[in-house]
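Structure, as structure tokens:
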Amino acid sequence: MGAPAAPTAPPVRRRRGGPGGVTSAFWLFVGPFLIGLIVFVYVPIVWSVVLSFSRAQNTVTPGDWVGFQNYLDLLSPGPFLDSLITFTVFAALIVPLTFALSLGLALLLNSITFARAFFRSVFFLPTACSYVVAALIWKLSIFNGVRFGLANKVIGIFGFDNVAWLATTDPPWYWLVIVTVRLWLQIGFYMILFLAGLQRISPELYEAAAVDGARNSWQTFRFITFPQLRATSVAVLLLLLINAYQAFDEFFNLLGNSSFARPPLVYLYYTAQGNQDFGHGTAGAVILALLIMIVTLAQGRIFGFGRAE
Amino acid sequence: MSATAPPLTERPPQQRAFNHRRRKVTPVTVLVTVLRYLALVIASVLFLLPFYLIVRNALASDLEITAATWTIFPSTIHWENFAELFNDPAVNILRSLVNSAIIAVLQTAGQLLLCSMAGYGLARIPYRYATPIFYAILVTLMIPPAVTFIPSFIIVSQLRWVDSLQGIIVPVLFSGFTTFLFRQYFLAFPRSLEEAARVDGLGYFGAYWRVVVPNSGAFFAAIAVITFIASWNAFLWPLVIGQDSSMWTVQVALSTFLTAQTINLHELFLAAAVSIAPLVLVFLFLQRYLVQGVAETGIKG
Numbered sequence: 006m007g008a009p010a011a012p013t014a015p016p017v018r019r020r021r022g023g024p025g026g027v028t029s030a031f032w033l034f035v036g037p038f039l040i041g042l043i044v045f046v047y048v049p050i051v052w053s054v055v056l057s058f059s060r061a062q063n064t065v066t067p068g069d070w071v072g073f074q075n076y077l078d079l080l081s082p083g084p085f086l087d088s089l090i091t092f093t094v095f096a097a098l099i100v101p102l103t104f105a106l107s108l109g110l111a112l113l114l115n116s117i118t119f120a121r122a123f124f125r126s127v128f129f130l131p132t133a134c135s136y137v138v139a140a141l142i143w144k145l146s147i148f149n150g151v152r153f154g155l156a157n158k159v160i161g162i163f164g165f166d167n168v169a170w171l172a173t174t175d176p177p178w179y180w181l182v183i184v185t186v187r188l189w190l191q192i193g194f195y196m197i198l199f200l201a202g203l204q205r206i207s208p209e210l211y212e213a214a215a216v217d218g219a220r221n222s223w224q225t226f227r228f229i230t231f232p233q234l235r236a237t238s239v240a241v242l243l244l245l246l247i248n249a250y251q252a253f254d255e256f257f258n259l260l261g262n263s264s265f266a267r268p269p270l271v272y273l274y275y276t277a278q279g280n281q282d283f284g285h286g287t288a289g290a291v292i293l294a295l296l297i298m299i300v301t302l303a304q305g306r307i308f309g310f311g312r313a314e
Numbered sequence: 038m039s040a041t042a043p044p045l046t047e048r049p050p051q052q053r054a055f056n057h058r059r060r061k062v063t064p065v066t067v068l069v070t071v072l073r074y075l076a077l078v079i080a081s082v083l084f085l086l087p088f089y090l091i092v093r094n095a096l097a098s099d100l101e102i103t104a105a106t107w108t109i110f111p112s113t114i115h116w117e118n119f120a121e122l123f124n125d126p127a128v129n130i131l132r133s134l135v136n137s138a139i140i141a142v143l144q145t146a147g148q149l150l151l152c153s154m155a156g157y158g159l160a161r162i163p164y165r166y167a168t169p170i171f172y173a174i175l176v177t178l179m180i181p182p183a184v185t186f187i188p189s190f191i192i193v194s195q196l197r198w199v200d201s202l203q204g205i206i207v208p209v210l211f212s213g214f215t216t217f218l219f220r221q222y223f224l225a226f227p228r229s230l231e232e233a234a235r236v237d238g239l240g241y242f243g244a245y246w247r248v249v250v251p252n253s254g255a256f257f258a259a260i261a262v263i264t265f266i267a268s269w270n271a272f273l274w275p276l277v278i279g280q281d282s283s284m285w286t287v288q289v290a291l292s293t294f295l296t297a298q299t300i301n302l303h304e305l306f307l308a309a310a311v312s313i314a315p316l317v318l319v320f321l322f323l324q325r326y327l328v329q330g331v332a333e334t335g336i337k338g
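As given, the protein sequences belong to chains W and H, one line each in that order.
Residue 6 is where the first sequence starts when you use my numbering, and the numbers rise one by one after that.
Residue 38 is where the second sequence starts when you use my numbering, and the numbers rise one by one after that.
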């Protein structure tokens, strides 16, 4: 911010390598970002940790200390634990489905020559769409539960009655709506990641496999392609999991504050913004942040995914 | 969804030539190719279906949308829906579009400038404490920003920025992830170019601004497209900060109309269509950068 324009006059030769020059240059480049990071990331986190030990109804000022009470409230059976269960169910559905379908589409695209760019664009196009717009289409046009909804029209052809997709908890049809909307939005993104991974596989490996007598397509996939995609697969799985953890938009817009399918961020939104209960809100945020840090670190441990350049 | 069986599909195109002998045109290979294209066409229809629905409903009357028999496409296109939408005093879609545009443009420009400079400083300037500072930035990558929306709200409320555009824009600018991407990119940038600039008497900033940035157009464009789309489509943060209707982004406005069901179906769908139009344009003209940006941000994440 406010960086001076490049000098137009003949530039003054600077002393290079002098420690003063290096220090001020570093702070010119990194300082503005670092100040923002401290104000908008570090300070809020510290403030929240402090506030999470306070009773903070309608206030964000710590002081009315309650110890670990907020944490105990959240971790005893209740809506917050339910929201973690909702997330678990959601992740168990969306992670493998997105993984398999985006890998499948990437492999399909990689196996054709004609119109490949066209199909890639089609599958990638939903990336431009927001969750709000997608939720709107799903809720009002496809799964609206009345007779003019597309889903009910289609099952009507086969003689089934109308289904109130979003309001039915037994069987839980709302999962079909929630999962398909995210599938539509994110498959193209992960397909691109897999395509990039596939293009990095050396053709020589396939030649070697053919020489070694890899008999059919399944064997080349099993012994060459899939192992070579390991780094991409690990990254995709972690990204899918982290993104599912942050699910908010489609749940909020499709189901609102429903008691049966409320993921963690939706619950915290209604706690902090709805009830103005910032003590429990910040305690919940701290728990969620710790959980995701544990997952990230464990993943780094398990897969040896160092931050090496 | 089409069941895409992996066994059929793994061979990259480079393999064609090598396997020429094995891949004679036989009835089986023809059948396999036909099945592949069939699967792709079915999947394409499913992927395009929501776009069809949005256009159909945006240009239809409510009577046609809710009719008992399915109208493939409105017999007369209701262009007057546009006038109705933009003149509806209860909606003020224009204001929300302007808000979204301001936010997306400033967020993209600001993030590119701040994060590219920080990334460059971390990659190239041999400052004594550069490494601990880099780790302090890296640590923030472990916590996704959405998880800390309540902490961020607290600081914004202390700054009295709730219900302001800067409250929506500024806290998102300081992305540790984007800085990390830029640092990695600049580490791989050829040093010889900068050294030539330094010999010509340019300082760090001159080398960055006159040599590095002009030669990094594709990377900046890739990050810009990704940031712009993320900013335009963002929902949770603008919902939390832009509470007054004058500060709504187009996503918040659509969500409000959707959950409150205060306006007509065709108006709602037209508003949604208008809201994705800018991104479809970005998509069509900058897809190359978008694809690169996705590959870039996804893998390194």
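Beta carbons are placed, not taken as given, at the ideal position from N, Cα and C, and that holds for glycine.
6 Å Cβ shell around residue i - same chain, five flanking residues per side excluded
{"i": "residue 245 of chain H", "result": "157"}
{"i": "residue 114 of chain H", "result": "96"}
{"i": "residue 252 of chain W", "result": "268"}
{"i": "residue 40 of chain H", "result": "With a pLDDT of 38 at residue 40 of chain H, under the threshold of 50, the modelled position of that residue is not reliable, and the figure given next carries that caveat. Excluding sequence neighbours, residue 40 of chain H sits near nothing in its chain."}
{"i": "residue 230 of chain H", "result": "248"}
Contact set for residue i: own chain, Cβ-Cβ below 7 Å, skip 5 residues either direction
{"i": "residue 234 of chain H", "result": "243, 244, 247, 248"}
{"i": "residue 94 of chain H", "result": "102, 302, 303, 306"}
{"i": "residue 268 of chain H", "result": "140, 141, 144, 145"}
{"i": "residue 56 of chain W", "result": "65, 67, 283, 284, 287"}
{"i": "residue 131 of chain W", "result": "189, 190, 193"}
{"i": "residue 169 of chain W", "result": "150"}
{"i": "residue 156 of chain W", "result": "147, 148, 170"}
{"i": "residue 260 of chain H", "result": "149, 215, 218, 330"}
CA nearest to the CA of residue i, picked from the options
{"i": "residue 114 of chain W", "options": "H/70, H/138, H/94, H/267", "result": "H/70"}
{"i": "residue 162 of chain H", "options": "W/264, W/287, W/296, W/27", "result": "W/27"}
{"i": "residue 174 of chain W", "options": "W/265, W/271, W/86, W/190", "result": "W/265"}
{"i": "residue 119 of chain W", "options": "H/100, H/150, H/77, H/85", "result": "H/77"}
{"i": "residue 284 of chain H", "options": "H/131, H/63, H/214", "result": "H/131"}
{"i": "residue 304 of chain W", "options": "W/254, W/277, W/71, W/247", "result": "W/247"}
{"i": "residue 142 of chain W", "options": "H/185, H/294, H/67, H/128", "result": "H/294"}
{"i": "residue 139 of chain W", "options": "W/112, W/182, W/109, W/166", "result": "W/182"}
{"i": "residue 333 of chain H", "options": "H/219, H/252, H/288", "result": "H/219"}
{"i": "residue 124 of chain W", "options": "W/133, W/134, W/111, W/135", "result": "W/111"}
{"i": "residue 300 of chain W", "options": "W/210, W/101, W/250", "result": "W/250"}
{"i": "residue 245 of chain W", "options": "W/263, W/180, W/93, W/209", "result": "W/93"}
{"i": "residue 275 of chain W", "options": "H/273, H/322, H/314", "result": "H/273"}
Pair within 9 Å by beta-carbon distance, residue i and residue j
{"i": "residue 103 of chain W", "j": "residue 187 of chain W", "result": "yes"}
{"i": "residue 292 of chain H", "j": "residue 137 of chain W", "result": "yes"}
{"i": "residue 205 of chain H", "j": "residue 283 of chain W", "result": "no"}
{"i": "residue 298 of chain W", "j": "residue 180 of chain H", "result": "yes"}
{"i": "residue 76 of chain W", "j": "residue 288 of chain W", "result": "yes"}
{"i": "residue 209 of chain H", "j": "residue 290 of chain H", "result": "no"}
{"i": "residue 319 of chain H", "j": "residue 265 of chain H", "result": "yes"}
{"i": "residue 71 of chain W", "j": "residue 60 of chain W", "result": "yes"}
{"i": "residue 238 of chain W", "j": "residue 231 of chain W", "result": "yes"}
{"i": "residue 64 of chain H", "j": "residue 147 of chain W", "result": "no"}
{"i": "residue 189 of chain H", "j": "residue 49 of chain W", "result": "yes"}
{"i": "residue 165 of chain W", "j": "residue 328 of chain H", "result": "no"}
{"i": "residue 133 of chain H", "j": "residue 277 of chain H", "result": "no"}
{"i": "residue 198 of chain H", "j": "residue 207 of chain H", "result": "yes"}
{"i": "residue 234 of chain W", "j": "residue 203 of chain W", "result": "yes"}
Beta-carbon neighbours of residue i, restricted to chain W and to distances below 9 Å
{"i": "residue 326 of chain H", "result": "The contacting residues do not exist; residue 326 of chain H stays about 12 Å from chain W at best."}
{"i": "residue 222 of chain H", "result": "Under the 9 Å cutoff, chain W gives no residues; its nearest Cβ is about 11 Å from residue 222 of chain H."}
{"i": "residue 341 of chain H", "result": "Residue 341 of chain H cannot be examined here, being either before or after the span of chain H that is shown, 38 to 338."}
Amino acids of chain H, ordered along the chain, whose beta-carbon sits closer than 9 Å to that of residue i
{"i": "residue 45 of chain W", "result": "189, 192, 193, 207, 208, 209, 210, 211"}
Under 7 Å by beta carbon: chain H residues contacting residue i
{"i": "residue 290 of chain W", "result": "184, 185, 187, 188"}
{"i": "residue 127 of chain W", "result": "81, 84, 85"}
{"i": "residue 181 of chain W", "result": "Here the premise fails: no neighbours, minimum Cβ distance about 12 Å."}
Under 8 Å from the C-beta of residue i: neighbouring residues of chain W
{"i": "residue 317 of chain H", "result": "130, 133"}
{"i": "residue 66 of chain H", "result": "Result: empty, since nearest Cβ-Cβ is about 11 Å, beyond 8 Å."}
{"i": "residue 285 of chain H", "result": "None at all; the shortest Cβ gap to chain W is about 12 Å."}
8 Å Cβ shell around residue i - same chain, five flanking residues per side excluded
{"i": "residue 178 of chain H", "result": "213, 214, 217"}
{"i": "residue 306 of chain W", "result": "none"}
{"i": "residue 58 of chain H", "result": "Low confidence applies here, because residue 58 of chain H scores a pLDDT of 47, under 50, leaving its location unreliable; read the following figure in that light. Answer for residue 58 of chain H: no residue qualifies."}
Partner residues on chain H for residue i, Cβ-Cβ distance less than 8 Å
{"i": "residue 49 of chain W", "result": "185, 188, 189, 191, 192"}
Contacts that residue i makes with chain W (C-beta to C-beta distance below 7 Å)
{"i": "residue 296 of chain H", "result": "258, 261"}
Proximity test, residue i beta-carbon vs the ligand HEM heavy atom, cut-off 8 Å
{"i": "residue 163 of chain W", "result": "This structure simply doesn't include the ligand HEM, nor any ligand for that matter."}
When the Cβ atoms of the segment 53-69 of chain W are set against those of the segment 178-194 of chain H, are three or more pairs found closer than 8 Å?
Taking 8 Å as the limit for Cβ pairs, the verdict is that the segment 178-194 of chain H does touch the segment 53-69 of chain W.
If you pair each beta-carbon of the segment 32-48 of chain W with each one of the segment 245-264 of chain W, do three or more pairs fall below 8 Å?
Short answer: they don't touch.
The segment 78-85 of chain W touching the segment 199-207 of chain W, judged by at least three CB pairs closer than 8 Å
The segment 78-85 of chain W is not in contact with the segment 199-207 of chain W.
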